[in-house]
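Participant:
Protein chains in written order, with my numbering: chain A, 943 to 1252; chain B, 393 to 684.
1. Going by DSSP in three states, residue 532 of chain B sits in which element: helix, strand or coil?
2. Roughly how many angstroms separate the alpha carbons of residue 1069 of chain A and residue 404 of chain B, rounded to a whole number?
3. According to DSSP, residue 1004 of chain A sits in a beta bridge with which residue or residues?
4. Residue 481 of chain B to residue 592 of chain B, Cα distance in whole Å?
5. Does the region 1119-1130 of chain A come close enough to the region 1034-1049 of chain A to have 3 or more Cβ pairs within less than 8 Å?
6. Step through the CB atoms of chain A and report whether any lies within less than 8 Å of the CB of residue 418 of chain B.
7. Smallest Cα separation from residue 423 of chain B: which of B/469, B/407, B/445 and B/406?
8. Quick one: what's got a C-beta closer than 8 Å to residue 392 of chain B's C-beta in the same chain, skipping five residues either side?
9. DSSP on residue 558 of chain B, reduced to helix/strand/coil?
10. Could you say which of A/1183, A/1129 and A/1204 lies nearest to residue 1019 of chain A if we only look at CA atoms?
11. Nearer than 7 Å: is that true of the beta carbon of residue 1089 of chain A relative to any heavy atom of the ligand GDP?
12. Between the alpha carbons of residue 479 of chain B and residue 542 of chain B, how many angstroms are there, rounded?
13. Where does residue 684 of chain B sit, in a helix, a strand or coil, going by DSSP?
14. Apart from the five residues on each side of it in sequence, which residues of its chain come closer than 6 Å, Cβ to Cβ, to residue 652 of chain B?
15. Find the nearest neighbour of residue 1186 of chain A within the set B/408, B/522 and B/604, judged by alpha-carbon distance.
16. If we require 4 or more residues per run, which alpha helix (DSSP H) segments fall completely within the region 595-620 of chain B?
17. Quick check on the DSSP output: what are the complete alpha helix (DSSP H) runs of length 4 or more inside the region 1160-1236 of chain A, in order along the chain?
18. Using a Cβ-Cβ distance cut-off of 8 Å, determine whether residue 945 of chain A contacts chain B.
19. What residues from chain A crowd round residue 529 of chain B, counting only those whose CB sits closer than 8 Å?
20. Span of the alpha helix (DSSP H) holding residue 1127 of chain A?
21. On the three-state DSSP scale, how would you describe residue 365 of chain B?
22. Can residue 980 of chain A and residue 511 of chain B be called in contact, C-beta distance under 8 Å?
23. Where in the region 430-469 of chain B do unbroken runs of the alpha helix (DSSP H), each at least 4 residues long, occur, reported from the N-terminal end onward?
24. Since residue 620 of chain B and residue 599 of chain B should fall inside the 8 Å C-beta cutoff, what is the C-beta to C-beta distance between them, to a whole number of angstroms?
25. Give the straight-line distance between the Cα atoms of residue 505 of chain B and residue 1239 of chain A, rounded to the nearest whole angstrom.
26. Please tell me whether residue 442 of chain B has its Cβ less than 8 Å away from any Cβ of chain A.
27. Going along chain B, which residues have a C-beta under 8 Å from residue 1079 of chain A?
28. So, under 8 Å CB-CB, residue 1171 of chain A and residue 1235 of chain A are touching, yes? Tell me the CB distance rounded to an integer number of Å.
29. Can you give me, in chain order, the residues of the region 531-542 of chain B that have a beta carbon less than 9 Å from any beta carbon in chain A?
30. Name the residue from B/525, B/497 and B/491 whose alpha carbon lies nearest to the alpha carbon of residue 509 of chain B.
31. Is there at least one Cβ from chain E nearer than 8 Å to residue 553 of chain B's Cβ?
32. Report, in whole angstroms, the separation of the C-beta atoms of residue 1030 of chain A and residue 1154 of chain A, which I expect to be a contact under 8 Å.
33. Taking only the alpha-carbon atoms, compute the straight-line gap between residue 458 of chain B and residue 432 of chain B and give it to the nearest angstrom.
34. Under a Cβ-count criterion, where at least 16 other Cβ atoms within 10 Å of its own Cβ denotes burial, should residue 368 of chain B be classed as buried or exposed?
35. Leaving out five residues before and five after residue 1223 of chain A in sequence, what residues of the same chain have Cβ atoms less than 7 Å from its Cβ?
36. Between the Cα of residue 554 of chain B and the Cα atoms of B/617, B/498, B/602 and B/585, which residue gives the shortest distance?
Encoded structure:
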């Protein structure tokens, strides 16, 4: 018997594995769809460097170079919009790490499984509901005579607060309701990680006389630091995504000043006012910044937590 | 044992309080909207309804279900959800099977993989995609809602990892018996992957049902709006101009109880699917997070 012999004894298997055409056929639908809706639009990005007029078409329109990008930085509202975006997105990123993590720690202390499951079921729910519906419900509840204000008024004797009509309150509400919608989902990741902590570490800590608080500080939190770093650094790529769905469904002209973010601004100027080139230029800027930050984020995650995506 | 100490017992009581409050905060808005939808118009408009209906009645639901615009939008959403989920699942299942093969079997595997992953990092954005859809004459058709998002690369990778975890011996046995790749996929892999397929399908159903922005972008005629877009226009933007010229309809739509009923019906499919989804949820996330 030799190695060659075993290969020869099953030549049909080798031949069959070589017949890979069905594998290529299976990939055709995905490749074609991805080409049309993923790669063709990349070609459309040239309009960011042109003065695109729908009537002239992409090729007929005039080249203007970086004109739209220059305009983007000189436009008086741009600074405001970028500040709003980074501020809202930054707060969301920080709280969307801290709140689910804390919540997972609390939930992890529950030993009654029925309670644990019920709480989990309830807190994941908002994540699955569209901001159209959540926006409809929340704007109603937060209106001047809505449920929240009547509670504040009747129970605490407070004056009604114009949550959605004053800029600072609007920012606050946007961040809080986003955390409210997301934290159940984030909790899962940490719960899964908590389940993976080596139980013997706790036993050892207990033998050393550590109480539960001490165990949390010395065992639980250090064990979870890598996953926190991964989640936090990967989220940095989203610093220019402050949540179009949410803000679009909750804002109104009264709070544009403090609540307008890049995406809502692009929608209004680009789509509603037909400034396609300008909006695309802003989109290119956003993609580039996002991409750079993702690359940096992955690097940092790799350095600090040894995380690799592939 | 630490959990018998006084301090820990105090913590447990406090902890339960926090958890219960957090749970309630997530469900109360939905109960509130349900209560309004079942209340009479007058107390609802006077903001007298809390978590329990005042003057219980189902008038808002009969009005909603008699509104042809609402019903049409509802069925368009049902259609796009079924078609979209079917498309997505077939496309990503086929591709995921091929990508789950080693590059020793499928030489160009890594090229294909990067071809898909690249579009997760770089996208043309809203406007170039809009122009592609328009140039393909898909505007105002259901295809504009179904096709652009059909290749969900992330889900494809999840499914690929699941296929990879399937024991190779099963496949080899089938190959020895003379099966081709299509047979292996449909007779060996798919039956084993039903749980994953079901999870991803449920995610796709929820995603399609909730999608509203593509409707706003690609659909010009309000008669072709899916439900989420229709409700976005009516309830959130309060833009009735596109919808109706009949002042009585307008009055009906703008009533608070009717709005509440529309929101609730809009959420209902997701609320019904949610218990099934949730069961798979933790497992699904963990499956995707673990490599090798």
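Even for Gly, the Cβ is constructed at its ideal location relative to N, Cα and C.
Facilitator: So, from the data block:
1. coil
2. 27 Å
3. A/993.
4. Roughly 8 Å between the two C-alpha positions.
5. Contact between the region 1119-1130 of chain A and the region 1034-1049 of chain A is present, because at least three Cβ pairs lie under 8 Å.
6. yes
7. B/445
8. There is no way to answer for residue 392 of chain B, as the model of chain B reaches only from 393 to 684.
9. coil
10. A/1204
11. This structure simply doesn't include the ligand GDP, nor any ligand for that matter.
12. 7 Å
13. Any reading at residue 684 of chain B is ruled out, since the residue's pLDDT is 35, under 50, leaving its predicted position unreliable.
14. Here residue 652 of chain B has 425, 428 and 429 as same chain residues with Cβ atoms under 6 Å from its own Cβ, once five neighbours each way along the sequence are excluded.
15. B/604
16. Correct list: 605-610.
17. List check, alpha helix (DSSP H) in window: 1163-1177, 1186-1190, 1198-1201 and 1204-1208.
18. The pLDDT assigned to residue 945 of chain A is 46, lower than 50, so where the model puts this residue is not dependable; a value taken from the coordinates is nonetheless given after this. No, because no Cβ of chain B sits closer than 8 Å to the Cβ of residue 945 of chain A.
19. Here the premise fails: no neighbours, minimum Cβ distance about 13 Å.
20. 1109-1137
21. There is simply no residue 365 of chain B to check, as chain B begins at 393 and stops at 684 in what is shown.
22. Yes, Cβ-Cβ distance for residue 980 of chain A and residue 511 of chain B is below 8 Å.
23. 433-437 and 451-457
24. Wrong, their Cβ atoms sit about 11 Å apart, outside the cutoff.
25. In this structure, the straight-line span from the alpha carbon of residue 505 of chain B to that of residue 1239 of chain A is close to 22 Å.
26. yes
27. Result: 421, 422, 424, 425 and 655.
28. Contact doesn't hold; Cβ gap of about 15 Å is too wide.
29. 539, 540, 541 and 542
30. B/491
31. Chain labels in this structure do not include chain E; the protein chains are A and B.
32. At roughly 36 Å, the Cβ-Cβ gap does not stay under 8 Å, so residue 1030 of chain A and residue 1154 of chain A are not in contact.
33. 18 Å
34. Nothing in the structure corresponds to residue 368 of chain B, since chain B is present only between 393 and 684.
35. Once the five neighbours on either side are set aside, the close Cβ partners of residue 1223 of chain A are 990, 1010, 1011 and 1014.
36. Just measuring C-alpha positions, the residue of B/617, B/498, B/602 and B/585 sitting nearest residue 554 of chain B is B/585.
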